[in-house]
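In my numbering, the protein residues as written are 70 to 155.
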């Protein structure tokens, strides 16, 4: 028997390197508070994806740092914060 809906669905994030040919490789490092996905090195056209379930208290956060040659940036790639009335 399967459920009609899932209260905690799996979330999948995907990254594809669309950088120009013959340039430095893209390095991606994603992590949450309790899950370090280690540094991945992507060539042009490579794909990196990962999946997770949100935590039960509604504060799931994944952030990734991206480096390409001398350029670097860091982003929250998934952020969930539930507000509760009370």
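Every residue, glycine too, gets a C-beta built ideally from N, C-alpha and C.
### Query
By Cβ distance, which residues of its chain are closer than 6 Å to residue 136, with the 5 residues on each side in sequence left out?
If you number the chain shown from 1, residue 136 lands on position 67. If we look at residue 136 and ignore the five residues flanking it on each side, its Cβ neighbours are 96.
### Task
Using the Cα positions of residue 104 and residue 144, report the straight-line distance between them to the nearest angstrom.
Working through the chain shown from its first residue, we reach residue 104 at position 35. Working through the chain shown from its first residue, we reach residue 144 at position 75. Cα-Cα distance, rounded: 16 Å.
### Query
Is DSSP giving residue 86 helix, strand or coil here?
Working through the chain shown from its first residue, we reach residue 86 at position 17. Residue 86: coil per DSSP, three-state reduction.
### Query
Residues in its own chain within less than 6 Å of residue 109 by CB, not counting five upstream and five downstream?
Taking the first residue of the chain shown as position 1, residue 109 is located at position 40. Excluding positions up to five away in sequence, the list reads 97, 117.
### Task
Quick one: using the 10 Å Cβ neighbour count with 16 as the cut-off for buried, is residue 70 buried or exposed?
As a first step, residue 70 is located in the chain shown; it is residue number 1 there, counting from the start. Only weak support is given to the placement of residue 70: the predicted model assigns it a pLDDT of 47, under 50, and the question is left unresolved by the model.
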